[in-house]
Amino acid sequence: MDPNGGVMTATKRTAVMMAAAMTAAIAVPISASAAPETAASTSKARVVLAHGGLRDLQPAAAGAFDRARAALLMVQYDGRSLVWLQVNGIDRSMAGRSFGAHLHVGPCVAGDGAAAGPHYNSDTVAGRVPPRIGPDTEIWLDFTVTRAGTGFAITKVPFIALPGNRAIVIHQEPTDPNGVAGLRLACLPVSW
Ligand SMILES: [Cu+2]
């Protein structure tokens, strides 16, 4: 209900949705321990948050992400996922350049890019052969570096990634239509 008695505007609706997402994020630890299970809880959103300094996957050379930090927010609901990635502290000489970033199945291990394994692909998980590769079956979060040395990406996918110790990997190049983005530069661990 709109407290002003009028039709809810698009701006208001967006604000309400964002507030709901933030409330869900805050509510997760509380509802997990306190709230009794109800029928409605089956449609509850799960919120995954990860943040911290990026781990260096190319420690032998100085890189643009050596001082970077990142935050990832993933909201899983109704068989879908909304994912936000914010990267700060990127070398400002990279302004205007775009980098590929994806959710990979394996963990984020400093100095060991291979440990992250392949992209998380919902077709692969479902056993579909061959798997379709694209922004609907994988979580792609390519970003372009701003003059302030930040990057931001948002994506929505029609699946919920299974829990695990996983990695957001940042690559040297933008993602091409085959999902290829070159050298693995840095990663952010994400577990749920
Ligand atoms: Cu990748």
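Going left to right, the sequence shown walks through residues -34 to -1, 1 to 158 as mature numbering (1 follows the signal peptide of the UniProt record, and there is no 0) numbers them.
The C-beta atom is built at its ideal place from N, Cα and C for all residues, glycine as well.
If you're wondering where the values come from, they're calculated on a predicted model, not measured in any experiment.
{"Item": "Distance cut-off 7 Å: VAL135 Cβ against heavy atoms of ligand 1", "Value": "yes"}
{"Item": "Distance between beta carbons of ALA34 and ALA152, contact taken as under 8 Å", "Value": "7 Å"}
{"Item": "Any C-beta of chain D under 8 Å from that of ASN131", "Value": "In the structure shown, chain D cannot be found, because there is only a single protein chain."}
{"Item": "Beta-carbon proximity of CYS74 to LEU128, cut-off 8 Å", "Value": "no"}
{"Item": "Terminal residues of the alpha helix (DSSP H) in which SER59 lies", "Value": "Segment: none, SER59 is in no alpha helix (DSSP H) and carries neither H nor E."}
{"Item": "Residue burial classification, ILE134 (beta-carbon count within 10 angstroms, cutoff 16)", "Value": "buried"}
{"Item": "Residue closest to ASN84, alpha-carbon to alpha-carbon, out of GLY19, PRO124, ALA114, GLY148", "Value": "Note on residue identity: the sequence assigns Pro, not Asn, to residue 84. The shortest C-alpha separation from PRO84 is found at GLY148."}
{"Item": "Those residues which DSSP pairs with TRP106 across a bridge", "Value": "HIS68"}
{"Item": "Minimum C-alpha distance to ALA27 - residue among ARG150, TRP158, GLY145", "Value": "ARG150"}
{"Item": "Nearest-angstrom beta carbon gap, VAL71 and residue 165 [assumed within contact, 8 Å]", "Value": "For the chain, the structure presents residues -34 to 158; residue 165 sits outside this window and is missing."}
{"Item": "Nonlocal neighbours in the same chain, by C-beta distance under 6 Å from THR103, ignoring five residues either side", "Value": "ASN87, SER88, ASP89"}
{"Item": "Cα-Cα separation, PRO143 to TRP106", "Value": "11 Å"}
{"Item": "Any non-hydrogen atom of ligand 2 closer than 7 Å to ALA80 Cβ", "Value": "This structure simply doesn't include ligand 2; it includes ligand 1 instead."}
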